[in-house]
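First the structure, in the form of structure tokens, and then the observations on it.
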Amino acid sequence: MSETTAAVSADSTPAGVVIAESATARGRRARIALRALQVLLALFYAIASALPKLTGHASAAESFDRLGWGSAGMYTIGALELAGAIALLIPVLQSVAAMALGALMVGAFVVQISVFDGQYAATPVILIVPLTLIAWARREHNADLLRLLRRA
């Protein structure tokens, strides 16, 4: 038996190995920051983005009329954004929601460039960055979601 395995302390940390509490605290802070980011994005998508579409706000209606999508397109996009906002807060759906909202933002970017002359094209690009981070950081939940879907 090696000296390292023989000198394992009661808390299963090998003797002589220092585990920095800052790593644990840093991980906890990172999880809290990621969760806060998810909540902020969910609030943004639900209140600032989906709500005007779902309530038929004049600015949203005008934009979708200009696209030629009308109220059906406006309500559909608003419903997708609201569903994504809610799903960002449900652990098993977080990664998939971030990917879906990211795909929606790619579409929004294309529309901003092609129809609206890039006036607000930076907004979807900026939103893709934290959505990508969430999708990657919460990717382990995808396996849980697949198990749930296979059971059903």
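Counting from 647, one number per residue, gives the positions in the sequence shown under the working numbering. Beta carbons: idealized from backbone N, C-alpha and C, even for Gly. Keep in mind it's a predicted model, so treat the numbers as computed, not measured.
Residue i and residue j closer than 8 angstroms at C-beta
| i | j | result |
| --- | --- | --- |
| A707 | S717 | yes |
| A754 | P770 | yes |
| L700 | G730 | no |
| Q865 | A746 | Absent from the model: residue 865. The displayed extent of the chain is 647 to 798, so no value can be given. |
Option nearest residue i by Cα separation, candidates the options
| i | options | result |
| --- | --- | --- |
| E727 | I736, L687, L779 | L687 |
| I780 | Q740, N788, L689 | Q740 |
| D711 | Q684, I693, A783, F762 | F762 |
| V738 | L791, A767, R797, R681 | L791 |
| H787 | V742, I723, A682 | V742 |
| A692 | R793, I774, R674, A725 | A725 |
| I774 | L683, A671, I678 | L683 |
Supposed close pair residue i, residue j - CB separation, criterion 8 angstroms
| i | j | result |
| --- | --- | --- |
| A744 | L735 | That belief does not hold up - the Cβ atoms of A744 and L735 are roughly 11 angstroms apart, past 8 angstroms. |
| A798 | L680 | In fact, because the Cβ distance is near 28 angstroms, the residues do not count as touching under 8 angstroms. |
| G748 | T778 | 6 angstroms |
Residue range of the unbroken alpha helix (DSSP H) whose run includes residue i
| i | result |
| --- | --- |
| S695 | Unbroken run through S695: none, as it is neither H nor E. |
| A789 | 787-797 |
Next item on the list: Entirely within the stretch 702-736 and at least 4 residues each: give me those alpha helix (DSSP H) ranges in chain order.
Entry: Counting only runs of 4 or more, we get 704-713, 716-733.
Next item on the list: Any chance you could list the alpha helix (DSSP H) runs of at least 4 consecutive residues sitting entirely within the stretch 733-774, in chain order?
Entry: Runs found: 740-760.
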